[in-house]
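This report refers to the structure that appears directly beneath it.
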Ligand code: HEM
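In the numbering used here, the protein residues as written are 952 to 1134.
Below, the structure is given as structure tokens:
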């Protein structure tokens, strides 16, 4: 995984818990990298999972909930670092439809070894999108947070339901996103 994911997770944790607590969690986690991440480096996703586990234990916030909150945080980071992807999309569902074939395609050009999920999308109604997340990583709640963050970015009210269809080794989740109005 790209270092930016790790630096943002630690930034969020410092914001929530303070530097001392974050340092203690990193110390206790005994990470192969030692927890010193740079934005341009690549690190095993397992370390991300270990850190989330550590923060979950410290805060008593469930791991899935922390992943979801982190998705919101990460979307804010994307807004700052990649404003161009938002400008070309005028509404939330169009943006979500463009992740697989536009946004993440550009991400892969920037970082050829990026570990990205796969998305299938079906526009079931003008105001309803079925978005299926598939990944070898267990980051479905993080994905849900990114979807919520996308709706928030556009100021769009909506409901998101998630149905788990994972099989051993493959995480698969159907996200059904229904927005209040189709623009
Ligand atoms: C401007 C918008 C976006 C940018 C620039 C972006 C970029 C990235 C980057 C750099 C990574 C890390 C890859 C790695 O660590 O190797 C990533 C991962 C990921 N992205 Fe995006 N992304 C964007 C929007 C979204 C949205 C809206 C979703 C959800 C629908 C999404 C879902 C994910 C997920 C779930 C991962 C984690 C990898 C996995 O689960 O397999 N992204 N993205």
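Cβ coordinates follow ideal geometry from the N, Cα and C atoms, glycine included.
Is the closest heavy atom of the ligand PLP to the C-beta of residue i under 6 Å?
| i | result |
| --- | --- |
| residue 1027 | Looking at this structure, you won't find the ligand PLP anywhere; what it does contain is the ligand HEM. |
I'd like to confirm something about residue i: is its beta-carbon nearer than 6 Å to some heavy atom of the ligand HEM, or not?
| i | result |
| --- | --- |
| residue 953 | yes |
| residue 1098 | yes |
| residue 1066 | yes |
| residue 1101 | yes |
| residue 1033 | yes |
| residue 1003 | no |
| residue 972 | no |
| residue 1088 | yes |
| residue 1050 | yes |
| residue 1036 | yes |
| residue 991 | no |
What's the C-alpha gap between residue i and residue j?
| i | j | result |
| --- | --- | --- |
| residue 1099 | residue 985 | 32 Å |
| residue 1115 | residue 1067 | 19 Å |
| residue 1056 | residue 972 | 37 Å |
| residue 1123 | residue 1111 | 16 Å |
| residue 1039 | residue 1097 | 18 Å |
| residue 1036 | residue 1101 | 12 Å |
| residue 1021 | residue 1081 | 22 Å |
| residue 1017 | residue 1024 | 10 Å |
| residue 1032 | residue 1050 | 16 Å |
| residue 993 | residue 1077 | 39 Å |
| residue 1069 | residue 1083 | 8 Å |
| residue 1004 | residue 969 | 17 Å |
| residue 983 | residue 962 | 20 Å |
| residue 980 | residue 1041 | 42 Å |
| residue 1075 | residue 1054 | 22 Å |
| residue 1109 | residue 1044 | 10 Å |
| residue 987 | residue 1131 | 43 Å |
For residue i, which residues in the same chain have their Cβ closer than 6 Å to its Cβ, ignoring the five residues on either side in sequence?
| i | result |
| --- | --- |
| residue 1095 | 1019 and 1113 |
| residue 1048 | 1072 |
| residue 1007 | 1014 and 1017 |
| residue 1133 | Since pLDDT at residue 1133 reaches only 49, below the 50 mark, its modelled position is unreliable, and the value read off the structure follows with that caveat. Answer for residue 1133: 1077 and 1078, listed in chain order. |
| residue 1127 | 1081 and 1112 |
Buried or exposed: where does residue i fall if 16 or more other Cβ atoms within 10 Å of its Cβ makes it buried?
| i | result |
| --- | --- |
| residue 953 | buried |
| residue 991 | exposed |
| residue 1001 | buried |
Excluding sequence positions up to five away, which residues of its chain have a Cβ less than 7 Å from the Cβ of residue i?
| i | result |
| --- | --- |
| residue 996 | 952, 1066 and 1088 |
| residue 1015 | 1092 |
| residue 999 | 952, 956, 957 and 960 |
| residue 1062 | 953 |
Looking only at its chain, what residues have a beta carbon closer than 8 Å to the beta carbon of residue i, apart from the 5 residues adjacent to it on each side?
| i | result |
| --- | --- |
| residue 1121 | 1085, 1086 and 1087 |
| residue 1010 | 967, 968 and 1017 |
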